[in-house]
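For my numbering, count along the sequence shown from 1 and bump the result up by 946. Read the structure below first, then the notes.
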Amino acid sequence: MMIPVRCFTCGNVVGEHWDEFKERAREGDEDPAKVLDELGVERHCCRRMMVSHKDLVDVVAPYQ
């Protein structure tokens, strides 16, 4: 899960695409730009937020 769920700039919901983006682009071998195109993330501000986001949930709350 991505926190925050919405783009800071435009307010679009980007958190719903985070898990698939992380699996395919960050942990896989796919180009992040192509993954974002396929997920339908078109706005530059949302794309920047997805690419630059650092997932800290596991660090901050390590216990499930």
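Glycine is no exception: its CB is placed at the ideal position from the N, C-alpha and C atoms.
Taking all protein chains shown into account, decide if residue i is buried (16 or more other Cβ within 10 angstroms of its Cβ) or exposed.
i       : result
Pro1007 : Reading the sequence as shown, one finds Ala at residue 1007 and not Pro. Label assigned to Ala1007: exposed.
Val1002 : Correcting the residue type first, residue 1002 is Leu in the shown sequence and not Val. So Leu1002 ends up on the exposed side.
Leaving out the 5 sequence neighbours to the left and right, which residues in its chain are closer than 6 angstroms to residue i when beta-carbon positions are compared?
i       : result
Thr955  : Cys991
Val1005 : none
Glu908  : Coverage of the chain is limited to positions 947 through 1010, which leaves residue 908 absent and any answer about it impossible.
To which residues of the same chain is residue i closer than 8 angstroms at the C-beta, ignoring the five residues directly before and after it?
i      : result
Val960 : Met948, Val951, Arg952, Cys953, Val987, Cys992, Met995, Met996
Ends of the alpha helix (DSSP H) at residue i?
i       : result
Phe1092 : Lying outside 947 to 1010, the shown extent of the chain, residue 1092 is not represented and no answer is given.
Asp983  : 978–985
His999  : It is not in any alpha helix (DSSP H) - His999 carries neither H nor E in the DSSP assignment.
Leaving aside the five residues before and after residue i along the sequence, list all residues of the same chain whose C-beta is less than 7 angstroms from its C-beta, in chain order.
i      : result
Val981 : Phe967, Arg970, Ala971
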